[in-house]
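Read the structure below first, then the notes.
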Amino acid sequence: MVERGVDLGVDIGGLRLRYPTLMGSGCYGSGEEFAAFADLSKVGGIVLKSVTRLPRSGNPMPRLVNTSAGLLNAIGLQNPGIDWYLEHEVEKFAQRPCKIVGSVAGFSVADYAYVCERLAARLEIAAIELNISCPNVASEGETFACDPRLTAEVVRAARGVTKKTLIVKLSPNVTDIAAVAREAEAAGADALAVINTVRGMGIDVERWRPRLGNVAGGLSGPAIRPIAVLAVYEVARAVAIPIVGQGGIETLSDALEFFLAGASAVGIGTANFTDPRIPERIADGLAEYLAKRGLRSISEIVGKANLGFASAHEYEGDAG
Amino acid sequence: MQVAQSRARVHATEVIDRREPAGGVVVIGLRASALAAATRPGQYVMAVPAAGETPAVALGIYEAEEERVSLLFFIAGKRTRELAMLRPGDALSLLGPLGNGFDLRASDRDVGIVAGGVGIASVLLPALELLRQGARVRLFYGARTAALLVERERFERAGCETILTTDDGTAGSRGFVTEALANAQMPKLLLACGPTPMLRSTAEIALRHDVRAQLALEENFACGVGGCWGCVVPITGASAQAPPFPPTPNGVVYARICREGPVFRADELRW
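Just so you know, the sequences run in chain order Z and W.
Numbering-wise, the first sequence is residues 1 to 320 according to the numbering used here.
Numbering-wise, the second sequence is residues 1001 to 1271 according to the numbering used here.
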């Protein structure tokens, strides 16, 4: 979308968005929940809640804990399973005025490929995000994203069943996120979403019990933003494919950090719970920011914070 | 359980009055005519903070009349502390009305309302609606201590009979409000809002006496609109077998308190 002479559109590995914003998976339902009061024509796209091969009831309550500048969640991938989803849900997405990205989660390589193939076959779905990094399921939900070899296997399997844009969502809960990113790219990913939530826990000191029904959860919100910005920065230096930067973005300035670190679009999740108008405000603010500097597109700022280093050797990725 | 078509909007409102019926309890009145017109008894709003520093907080709609909506809340954390600092003239964004609300019928002639703590905020509107229909309305109202039985005169003035209890015996009878309910002549319909143990007891009493009961659940919401599936309660029966709920392998169906609720029938909850 051209506003103030600035083109806010971006291309994320073949997925063309009119605005450089994606509503984070699990934070925005199917879009319908927000449609009454958020202008969906002013967001780039919605990443749907993850769907799995079989229905999942999700985790016991409590599923949410507010923390300082953040939110711990352990929903547990509650979803109706791909059969029900295709029959009852997917057709609704045709009505949305923005791009719809399906999100696939699984517990085996075969699961991912199966769900990905069936979901990607639907016209309503413009692209697929592979959620290989859900920290909130008892078994191996996040194992895929924590092992570069498994990441590659899942991405290769998904690549084999669809030509649609494949976005691979990476976990921050790894030692070397760049290594996982490289594997995902080599296996055929079109884009990367960086990052999923950071593992965390809260304890009720009156009752001496974990605050979450699942004990462990995923932390989102402003508390994780610096973690996410660095992850985007490191991944951007490791791969050539576009990055959707996400983690605690609430303001224009937050979003700009991600673009400058190397993201081509930004994901907005938890902030929608604070104020559903935030994505629209960020888009407006971006147009103004770029126009004021005589810039005509988002691409002119992507990764520009990297200029601080003359070569890769000057940055070793070690804060110490 | 009835899932209502969402009429929620973001309303730019202005604080027009403020009072503290007790220490730590605040009622703020807001100019919000569109919100007032759209509100049904038992619905709530998400109060959207101006600074974006804290997440939105869910508050029951206490009053809704003509151009004014009011919110009654207890100061319990950072977010409610911020809201308590609002003064007449200040702006506040509200997202709402949200949730299904109570299902009230003209045939409900003898109704008991059970309220505990901040739950009182969600039961004035249904009480007024029922009284307007000519029903007998008894309010079973419990609090820690007499001073926290806020707004009881408001209900009495409107025509409710009040049955009070306090933990310390400083007003009404000492003990739980549900004990007072169990000892009373049973109404034909029960509405309840308050802490979960109170709601559970209310549900047990209702089921034991074969009385219909509608419970407004309190939970920590993140999105408040059904987008995150963070506030759920296990349900059973017909509601659990219709969209958006597919059959699940273990038979447990979690409904969203913010979306399918916050009001559930006692017989559809599986807790």
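All C-beta atoms, glycine included, are put in the ideal place defined by N, C-alpha and C.
As the structure is a computational prediction, the values presented were derived from the model and not from experiment.
Within the same chain, Arg1256 come within 7 Å of Trp1229(W) by CB-CB distance, once the 5 residues on both sides are set aside. The beta carbon of Arg225(Z) sits closer than 8 Å to those of Gly247, Gly248, Ile249, Asp254 and Glu257, all from its chain and outside the five residues before and after it, given in chain order. Three or more beta-carbon pairs separated by less than 8 Å link the segment 1166 to 1180 of chain W to the segment 1140 to 1152 of chain W, which places the two stretches in contact. With contacts defined by Cβ atoms closer than 8 Å, Leu260(Z) and Lys292(Z) do not form a contacting pair. Taking 8 Å as the CB threshold, Trp84(Z) lines the interface with chain W. Residues of the segment 19 to 47 of chain Z that bring their beta carbon within less than 7 Å of a beta carbon in chain W comprise Gly26, Cys27, Tyr28, Gly29, Glu33, Phe34, Ala36 and Phe37, in sequence order. Taking a C-beta distance under 8 Å as the contact criterion, Val1057(W) and Val1150(W) do not qualify as a contact pair. Restricted to the segment 3 to 88 of chain Z, the beta strand (DSSP E) segments that are unbroken, complete and at least 3 residues in length are 10 to 12, 15 to 17, 21 to 23, 45 to 47, 64 to 67 and 70 to 73, listed in chain order.
Taking the Cα of Gly217(Z) as reference, the smallest distance to any Cα among Arg63(Z), Ile46(Z), Val174(Z) and Asp7(Z) is reached at Arg63(Z). With the rule of 3 Cβ pairs closer than 8 Å, the segment 1068 to 1077 of chain W does not count as touching the segment 13 to 23 of chain Z. Each residue's CA atom was taken as its position, placing Ile1120(W) and Gly1194(W) some 7 Å apart. Residue contact with chain Z for Gly1117(W): absent (no Cβ-Cβ distance below 8 Å to any residue of chain Z). With a contact defined as Cβ atoms closer than 8 Å, Leu1128(W) and Ala1158(W) qualify at about 6 Å. DSSP places Arg1157(W) in the uninterrupted alpha helix (DSSP H) bounded by Arg1152 to Ala1158. Following the DSSP letters along the chain, one finds Phe107(Z) in no alpha helix (DSSP H), marked with neither H nor E. Residue-level contact check: Leu1059(W) does not touch chain Z, since none of the beta carbons of chain Z fall below 8 Å from its beta carbon. Taken through DSSP and simplified to helix, strand or coil, Cys146(Z) comes out as helix. Remark: three or more beta-carbon pairs, one from each stretch, lie closer than 8 Å, so the segment 1085 to 1101 of chain W and the segment 1253 to 1268 of chain W are flagged as touching.
The straight-line gap separating the alpha-carbon atoms of Val266(Z) and Ser220(Z) is approximately 15 Å. Rounded to the nearest angstrom, the gap between the Cα atoms of Arg1031(W) and Ala1222(W) is 25 Å. Among the residues facing chain W, Leu170(Z) is not included, as its CB has no counterpart in that chain under 8 Å away.
Bounds of the alpha helix (DSSP H) holding Phe259(Z) are Leu252 to Ala261. Counting along the chain, Ser1070(W) sits inside the beta strand (DSSP E) bounded by residues Arg1068 to Phe1074. In this structure, Phe34(Z) lies near Gly1227(W), with their beta-carbon atoms less than 8 Å apart. In the three-state DSSP reduction, Gln1214(W) falls in the strand class (E or B). If the five residues before and after Met1186(W) are omitted, its C-beta is found closer than 6 Å to the C-beta atoms of His1209 and Val1211, all from its own chain and listed in chain order. Given a length threshold of 3 residues, each whole run of the beta strand (DSSP E) inside the segment 1164 to 1228 of chain W is given here in chain order: 1189 to 1193 and 1212 to 1216. Residue state for Thr151(Z) is assigned as helix, using DSSP reduced to three classes. Among the residues of chain Z, none has a CB under 7 Å from the CB of Val1137(W); the nearest is roughly 32 Å distant. Shown here for Gly213(Z): same chain residues with a beta carbon closer than 6 Å to its own, the five before and five after excluded, namely Asn59, Pro60, Met61 and Pro62 in chain order. In the three-state reduction of the DSSP assignment, Asn214(Z) falls in the coil class, being assigned neither a helical nor a strand state. For Glu1065(W), the beta-bridge partners assigned by DSSP are Arg1068(W).
Annotated three-state conformation of Gly1142(W) is strand, per DSSP.
Distances from the CA of Leu1035(W) to each of Glu1065(W), Ile1235(W) and Arg1138(W) were compared; the closest alpha carbon is that of Glu1065(W). Between Leu166(Z) and Asp147(Z), the C-beta gap is not smaller than 8 Å, which leaves the two residues out of contact. A Cβ-Cβ contact shorter than 8 Å links Ser30(Z) with Lys92(Z).
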